[in-house]
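For reference, the structure is listed below as C-alpha cells.
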Amino acid sequence: MDFWDFDMARIRLTVLSLLVLLAPLGAQTPKDQTPKDKLAKALVDFEKLYRNTNEHVRRAAVDDLGTLKHKALVPILVACLKDKSQVVREAVVPAMANQTTKPALHALTVELRKAKSDVVRIAILKAFKTTRPPVAKDAVLKLATSKSYPVRLLALDLLGDFSDEDGKITKALLHHLEDRDAQVRLTVLDALTRLGYDDLIGLAIRLLEKDKDWRVRAVAVQALRKSREKRVIEPLIEAMEREKGRLITDIRDALADITQTTYGPKPELWRRWWERVKGGFKVPTPEEIAKRKAKLAKDLARYGIPKKGTTPFQGIQSKSRRMLFILDVSGSMQDKLSLEGGDPKAIEAFRERYGQYETKIDLAREELITTVANLPSYTKFNIFLFHNDVISWKKHLTRATQGNKNQAIKFLAKLTPQWIEDVVVKQGKGQTNTFAALNKALGLADEPQEKPSKNHTVESDTVFFLSDGMPTVGRIRDPQELLRYVRTVNARAKIVFHTLTFGHGNVALLRPLAEWSGGKYIEIGVN
Numbered sequence: 012m013d014f015w016d017f018d019m020a021r022i023r024l025t026v027l028s029l030l031v032l033l034a035p036l037g038a039q040t041p042k043d044q045t046p047k048d049k050l051a052k053a054l055v056d057f058e059k060l061y062r063n064t065n066e067h068v069r070r071a072a073v074d075d076l077g078t079l080k081h082k083a084l085v086p087i088l089v090a091c092l093k094d095k096s097q098v099v100r101e102a103v104v105p106a107m108a109n110q111t112t113k114p115a116l117h118a119l120t121v122e123l124r125k126a127k128s129d130v131v132r133i134a135i136l137k138a139f140k141t142t143r144p145p146v147a148k149d150a151v152l153k154l155a156t157s158k159s160y161p162v163r164l165l166a167l168d169l170l171g172d173f174s175d176e177d178g179k180i181t182k183a184l185l186h187h188l189e190d191r192d193a194q195v196r197l198t199v200l201d202a203l204t205r206l207g208y209d210d211l212i213g214l215a216i217r218l219l220e221k222d223k224d225w226r227v228r229a230v231a232v233q234a235l236r237k238s239r240e241k242r243v244i245e246p247l248i249e250a251m252e253r254e255k256g257r258l259i260t261d262i263r264d265a266l267a268d269i270t271q272t273t274y275g276p277k278p279e280l281w282r283r284w285w286e287r288v289k290g291g292f293k294v295p296t297p298e299e300i301a302k303r304k305a306k307l308a309k310d311l312a313r314y315g316i317p318k319k320g321t322t323p324f325q326g327i328q329s330k331s332r333r334m335l336f337i338l339d340v341s342g343s344m345q346d347k348l349s350l351e352g353g354d355p356k357a358i359e360a361f362r363e364r365y366g367q368y369e370t371k372i373d374l375a376r377e378e379l380i381t382t383v384a385n386l387p388s389y390t391k392f393n394i395f396l397f398h399n400d401v402i403s404w405k406k407h408l409t410r411a412t413q414g415n416k417n418q419a420i421k422f423l424a425k426l427t428p429q430w431i432e433d434v435v436v437k438q439g440k441g442q443t444n445t446f447a448a449l450n451k452a453l454g455l456a457d458e459p460q461e462k463p464s465k466n467h468t469v470e471s472d473t474v475f476f477l478s479d480g481m482p483t484v485g486r487i488r489d490p491q492e493l494l495r496y497v498r499t500v501n502a503r504a505k506i507v508f509h510t511l512t513f514g515h516g517n518v519a520l521l522r523p524l525a526e527w528s529g530g531k532y533i534e535i536g537v538n
C-alpha cells in the first residue's frame with residue numbers, strides 16, 4: 012500500500028466511523044452547528060469525491076466540507092493535510108477557520124496539543140488567527156517556545172490576539188524580544204502593540220533608538236503613531252534626524268498624523284517647529300482632526316492631474332533608497348486611453364499633460380522612464396514586468412548610476428503596443444499573473460509560501476505597482492485571497508506598496524493593498 016492508498020484508507024475509515032456515530036439522528040443540534048442529517052449526507056458526498064485522483068476535484072470536496080460547522084470534521088481536515096497535492100492542502104486552513112463552534116474549536120485545540128507534525132501545527136495556528144479561540148491560549152503559549160522556527164513565529168504572532176489577565180503572554184513576549192532574529196523581534200513588537208502592553212511607548216522608543224533592523228524600527232514607528240501621545244513627538248523627530256531612506260517617510264507620516272502639522276520629510280523643519288511650540292502643544296482631538304483631515308490629505312499628496320514636470324510615480328512622496336517598479340505588460344495594456352466621462356476641464360487638463368500618449372503602455376512606459384531618469388544616485392532600484400510570467404530587468408537591486416539608469420531606460424523603451432502584440436499576445440502570454448509579480452516582490456519563488464523562514468530576505472522596502480486589471484492566471488487569482496496572502500507574508504517583509512491603475516477595474520485589489528501597507532493608491536485618469 013503506497014502513501015496515497017494509506018492516506019485515503021485512513022480518511023475513509025474516519026468518515027465511516029463518524030457516520031456510525033451520527034446514526035442516531037434524534038438528538039437536537041445546537042443552532043450554530045450543522046444538523047446531523049445534513050452532515051451525514053455531506054460526509055458521504057465527501058468520501059466519494061475525495062477518492063478522485065484529480066487534485067481539483069479533491070480540493071472541491073474539502074471546500075464543500077469547509078462550509079459546514081461540526082467538531083466531527085476536525086479529524087478529517089487534519090487528515091487532508093497529508094494530501095500529496097498543495098492545491099488540496101491550501102483548502103484546509105480556510106475550512107478549519109470556518110469551524111467556529113465551541114466543540115470544534117476545542118477539538119482543534121486538542122489536535123494542536125497532540126500534533127507532532129509542523130504541517131498540522133502551522134495549519135491550525137493559521138486557522139486560529141481568524142477565530143482566536145480563548146480555549147487555545149495555553150496551547151499557543153506553549154508553542155511560543157517551539158524549536159520549529161515557523162511554528163514559534165506563528166504562535167508569537169497569535170499571542171497578541173488573546174486577552175492576558177494573568178500576564179503570562181506579556182512575560183513570554185518580552186522574553187522573545189531579546190531574540191537575535193529580527194523577524195522574531197518585529198513579530199513580538201506587533202503582538203505587544205495589539206495586546207495593549209502598558210509600557211509599549213517606552214519599549215517602542217528604545218527599539219527605535221537601538222534596534223539594528225529597519226523593519227523593527229518601522230514597527231516601532233507605527234506603535235508610536237498609534238499611541239497619539241505628545242511624549243512620542245520628540246523621539247520621532249530625533250529618529251528622523253538619524254534615519255535615511257524610507258523610514259524618514261514613515262516618521263513624517265507618523266508626525267503628521269499625531270500633530271496634524273505638515274513639515275514634510277525635513278527633520279530640521281520639524282525640529283524648529285517643535286522647539287517653538289512644545290511648551291503649550293496639545294495633540295489634536297478626533298473632532299479637530301476631522302476638520303483638518305481634508306486639508307492634510309491635500310498637502311501630503313497632491314493627486315489628480317499631475318503638474319508639468321511630475322509623473323504619477325513621482326507624485327508619491329517617498330525617501331526610499333530601495334525601490335522596485337512593477338509594470339503590467341499583459342494584453343490589455345495595448346488598449347487605448349479612455350477620455351470619456353468626467354469633468355470637461357479635467358479632460359482638457361489630461362489631454363494637455365498626456366495628449367501624446369495613445370495607449371496605456373505608452374503612458375506607463377514614458378512616465379516610468381522619466382521617473383528612472385530622475386532617481387538620485389544613492390538609490391537602488393529594479394524593474395519587473397509581468398504578464399503570464401515575470402520578467403526581471405536585473406537579478407538584484409542596482410544602484411542608480413547614470414550607466415544603470417541608461418540601461419533601464421533602454422529596457423523600458425522597447426515596451427510598445429507592438430512589442431506586447433508580438434512578444435506577449437502572440438506567444439500566448441497575454442494574461443495577468445498578479446500573484447507571481449507580488450510573490451517575487453516579497454522575495455519568494457513561484458509557489459505560495461506563508462510559512463516563516465529564517466532565510467527569507469526582501470531587497471526592496473518600497474514597491475510601485477502599476478496594473479490595469481484583475482488577476483486572470485496564477486496560483487492565487489481571487490483578489491481577497493491574494494490580499495490575505497500578501498498581508499500575511501508582508502507582516503514580516505514590511506514593504507510599502509504604492510499602487511497605480513487605469514480606471515476602476517482592479518480597485519478592490521489595489522486600493523486595500525496600498526492602504527494597509529501604508530502606501531498610496533492612484534487612479535490614472537481624467538478625474
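Using the working numbering, the final residue of the sequence shown is 538, and nothing's skipped along the way.
Yeah, the Cβ is synthetic: ideal placement off N, Cα and C, and Gly gets one too.
Just so you know, these numbers come straight off a predicted model, no measurement behind them.
Residue i burial status per 10 Å Cβ neighbour count (16 or more: buried)
i, result
"residue 283", "exposed"
"residue 479", "buried"
"residue 456", "exposed"
"residue 463", "buried"
"residue 417", "exposed"
"residue 227", "buried"
"residue 281", "buried"
"residue 134", "buried"
"residue 438", "exposed"
"residue 186", "exposed"
"residue 48", "exposed"
Extent of the continuous alpha helix (DSSP H) to which residue i belongs
i, result
"residue 450", "445 to 452"
"residue 339", "Here residue 339 belongs to no alpha helix (DSSP H); instead the beta strand (DSSP E) covers 333 to 339."
"residue 467", "That residue, residue 467, is in no alpha helix (DSSP H); it is neither H nor E in DSSP."
"residue 117", "113 to 125"
"residue 151", "148 to 154"
"residue 213", "211 to 221"
"residue 551", "Residue 551 cannot be examined here, being either before or after the span of the chain that is shown, 12 to 538."
"residue 238", "225 to 238"
"residue 167", "160 to 170"
"residue 139", "129 to 142"
"residue 99", "97 to 100"
"residue 63", "Per DSSP, residue 63 belongs to no alpha helix (DSSP H) and is neither H nor E."
"residue 261", "257 to 270"
"residue 248", "244 to 253"
"residue 491", "490 to 504"
"residue 295", "Careful: residue 295 lies outside any alpha helix (DSSP H) and carries neither H nor E."
"residue 105", "103 to 108"
Neighbourhood of residue i by C-beta distance below 6 Å, restricted to the same chain and skipping five residues each side
i, result
"residue 171", "202, 205 and 206"
"residue 57", "72 and 76"
"residue 81", "44, 45 and 50"
"residue 231", "215, 218 and 219"
"residue 143", "172"
"residue 529", "507"
"residue 240", "none"
"residue 157", "163"
Proximal residues to residue i (C-beta, below 7 Å), its chain only, five neighbours per side dropped
i, result
"residue 300", "271"
"residue 524", "494, 497, 508 and 510"
"residue 467", "454 and 503"
"residue 63", "69"
"residue 345", "370, 372, 428, 431 and 432"
"residue 274", "280, 281 and 284"
"residue 124", "150"
"residue 128", "none"
Per DSSP, cross-strand counterpart(s) of residue i
i, result
"residue 370", "347"
"residue 89", "Answer is none; residue 89 lacks a bridge partner."
"residue 279", "Partner(s): none; residue 279 has no beta bridge."
"residue 391", "333 and 410"
"residue 532", "510"
"residue 477", "338 and 511"
Where the beta strand (DSSP E) through residue i begins and ends
i, result
"residue 176", "Counting along the chain, residue 176 falls outside any beta strand (DSSP E), and DSSP gives it neither H nor E."
"residue 67", "Note, residue 67: premise wrong, no beta strand (DSSP E); alpha helix (DSSP H) at 66 to 77."
8 Å Cβ shell around residue i - same chain, five flanking residues per side excluded
i, result
"residue 395", "335, 336, 337, 338, 401, 402, 403, 404, 448, 451 and 452"
"residue 387", "411"
"residue 256", "225, 330, 331, 332, 333 and 472"
Any C-beta of chain B under 8 Å from that of residue i
i, result
"residue 417", "No chain B appears in this structure, which consists of one protein chain only."
Distance cut-off 7 Å: residue i Cβ against heavy atoms of the ligand GTP
i, result
"residue 329", "The model on display carries no ligand, and the ligand GTP is accordingly not part of it."
Going along the chain, which unbroken runs of the alpha helix (DSSP H) with 4 or more residues stay wholly within the stretch 395 to 439? 413 to 424
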